[in-house]
Amino acid sequence: FSDASQPKALVKDGKIIHFVDKHMDKLIGRVTSVMEIADCLLSKKMITDETYDKIHTEKTPQEQMRILIQALRSGGQNMKDEFYRILKEKQPFLIKDLETGPSKV
Numbered sequence: 001f002s003d004a005s006q007p008k009a010l011v012k013d014g015k016i017i018h019f020v021d022k023h024m025d026k027l028i029g030r031v032t033s034v035m036e037i038a039d040c041l042l043s044k045k046m047i048t049d050e051t052y053d054k055i056h057t058e059k060t061p062q063e064q065m066r067i068l069i070q071a072l073r074s075g076g077q078n079m080k081d082e083f084y085r086i087l088k089e090k091q092p093f094l095i096k097d098l099e100t101g102p103s104k105v
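Okay, so the sequence shown: first residue is 1 according to UniProt numbering, each after it adds one.
(1) Expressed to the nearest angstrom, what Euclidean distance is found between the alpha-carbon atoms of E50 and A38?
(2) Roughly how many angstroms separate the alpha carbons of K59 and M65, rounded to a whole number?
(3) Which residue marks the beginning of the alpha helix (DSSP H) containing Q62, and which one marks its end?
(4) Is it buried or exposed, E99, if we count other Cβ atoms within 10 angstroms and call 16 or more buried?
(5) To the nearest angstrom, how far is it from the Cα of A71 to the Cα of G29?
(6) Buried or exposed: F93, going by 16 or more other Cβ atoms within 10 Å of its Cβ?
(7) Roughly how far, in whole angstroms, is the beta-carbon of F83 from the beta-carbon of L41, given that I think they are within contact range, below 8 Å?
(8) Can you tell me whether Q91 is buried or exposed? The criterion is at least 16 other CB atoms within 10 Å of its CB, across all chains shown.
This is the structure:
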């Protein structure tokens, strides 16, 4: 039985690497709905008003994601899991692409 709302774990050197940590650079470059995700995290009290405001003031989605990733990394496993669930809902094709790797053409 597998919970589809949980990210696939990657094990490296005996340590489990979370989806967010594994794909951090790609997430920064490819997540487009950053404020929508931040809205969800704020409504669930997973980020502070201060973090939300910092994200909101950034001009580009890449800069917004850098701030959100910092918050995710300091927020722990539950926050990363919630981000994953929200991202899977908002940008399912991005999740699928990152989990399956580059398509072979």
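We treat Cβ as the ideally placed atom computed from N, Cα and C, and that holds for glycine.
Judging by the given coordinates:
(1) 12 Å
(2) 11 Å
(3) P61 to G75
(4) exposed
(5) 17 Å
(6) exposed
(7) 7 Å
(8) buried
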